[in-house]
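Residue numbers (the numbering used here): 1 to 124.
Note that beta-carbon positions come from the ideal geometry of N, C-alpha and C, so glycine has one too.
This report concerns only the one structure given below.
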């Protein structure tokens, strides 16, 4: 009986570690896509730049979409409207279409994973 519990515990820990590694890999892939497509040019880590025609910070995005990864993916796929800064959406819409059109489900998942992994502390 003890052997079965030990095996079950080891299996649970192994699967948990595999899930964490997968999440980490997804965040890393999302970060690479975020920088490769120059999303960082408009979305600073903590400084919201909406007032100058740039995008909300990564921290703002993480805060608004926390626990709602599918909603963020739907927004990036043009299936949902903006929840943040709708006045600047026309600029973002063009960027999404140009830079993300035709990307795979895993690319959108990775990008959302990266954004949601960001600290939610914003600069004033």
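- Bounds of the alpha helix (DSSP H) holding residue 95 are 89 to 100.
- Residue 33 places its beta carbon 9 Å or farther from that of residue 72.
- When DSSP states are grouped into helix, strand and coil, residue 69 belongs to the helix group.
- Proximity to residue 37 across 117, 96, 106, 85 peaks at 96, based on C-alpha coordinates.
- Taking C-beta separations shorter than 7 Å and ignoring five residues to either side along the sequence, the partners of residue 40 in its chain run 34, following chain order.
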